[in-house]
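Just add 160 to wherever you are in the sequence shown, counting from 1, and you've got our numbering. Data first, discussion second: the structure below is written as structure tokens.
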Amino acid sequence: MNPERAAGTPEPEHQGPKPVPYTYHDGREDYLHVGRQGGAEADQPAALVPPSERMSPPVQTTALPPEASALPPATAVPAEAAPPPARASALPPEATALPPEAPRAAAQRPQQGARMSEIVTRGLRTGAALTAATMCTMMAASSLKRGSPWASMNAMATAVGLGGRRASDRFDPVVTPAGIAVLAGGLLAWGIGYERALDATGKRSGPLTGALSALGGFLFDELILPDRLMKNFRDKMGVLGTLSKYVALGVASAAAPR
């Protein structure tokens, strides 16, 4: 622009808005005032659309202080909105519950153990009485028959194959103690079995149980032990001495200590 022209042409300090015809969308006509006002830039339109259709100015974002921009602490979810905790799948009662007889069996197990221990203890006492009565009877019978109390013990050793087919009448450091051990061990086991039978049948020792014990001892020797044992018994103790052995067994069984 020419500076001289600019200097010669005075510009009004204030120029009002110029009316511009405008038609609204609903057909109404009106004038819009466009132009500078109050020192605004020249020819800057104040509005191109009616005030009702103008867009609101953008909202300026203001920087928040650090304490305001920090995330708030997590709020507790109310119990009604919180999902229920996952529960472990419960087994059916029949899978976890013990059968009705299991507690009873567990309670009876110690009682049965104590009862069996009592039977064994009582059986050992009975077996000791049977051993003493039977051994004394056998030694007395062999003394009368062969003149030696060890002959019957040597005969007893033939049950386990010691002393040969014909037992000696004299004391033998191997055969005689073996015969005593066989007799004592067998009668101790017999006493335990005898007490176990009494407990199972609910009976007490008496003449009948003693007679059954004597008969059982005779059948055991005749049917289970070797034939050479019975032959040596008859040879060393005689027939009456052999029978007296089973009589002593029956009497001791009937009078067994309780």
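In this text, a Cβ means the ideal position worked out from N, Cα and C, and glycines have one as well. Just so you know, these numbers come straight off a predicted model, no measurement behind them.
Taking all protein chains shown into account, A349 has fewer than 16 neighbouring C-beta atoms within 10 Å of its C-beta and is therefore exposed. A straight line joining the alpha-carbon of S404 with that of T297 spans about 7 Å. R388 places its beta carbon 7 Å or farther from that of I279.
For I340, the enclosing alpha helix (DSSP H) covers residues V335 to T361.
Boundaries for T318: no alpha helix (DSSP H) harbours it, and the DSSP string shows neither H nor E there. DSSP places P181 within a strand segment (E or B) once states are collapsed to three. Spatial neighbours of G351 in its own chain (CB-CB distance under 6 Å, excluding positions within 5 residues in sequence) are listed in chain order as G283, T286, G287 and L290. Ranking L379, T183, A292 and S312 by CA distance to the CA of G401 puts S312 first. Going by beta carbons, G323 and V335 fall inside the 7 Å limit. C-alpha of G410 to C-alpha of L343: approximately 15 Å in a straight line. With fewer than 16 other beta carbons inside 10 angstroms of its own, S277 counts as exposed.
A293 places its beta carbon 7 Å or farther from that of A416. For the 7 Å CB-CB criterion, A300 and K396 do not form a contact. Residue environment: F380 is assigned as exposed (fewer than 16 neighbouring CB atoms within 10 Å of its CB, all protein chains considered). Per the coordinates, the alpha-carbon of S302 lies some 7 Å from the alpha-carbon of W310. Taking a C-beta distance under 7 Å as the contact criterion, A414 and P367 qualify as a contact pair.
Just so you know, the alpha carbons of R330 and L358 end up roughly 39 Å apart. For V399, the closest alpha carbon among the candidates P270, I384, F378 and P386 is that of F378. Assignment of beta-bridge partners to E189 by DSSP yields T183.
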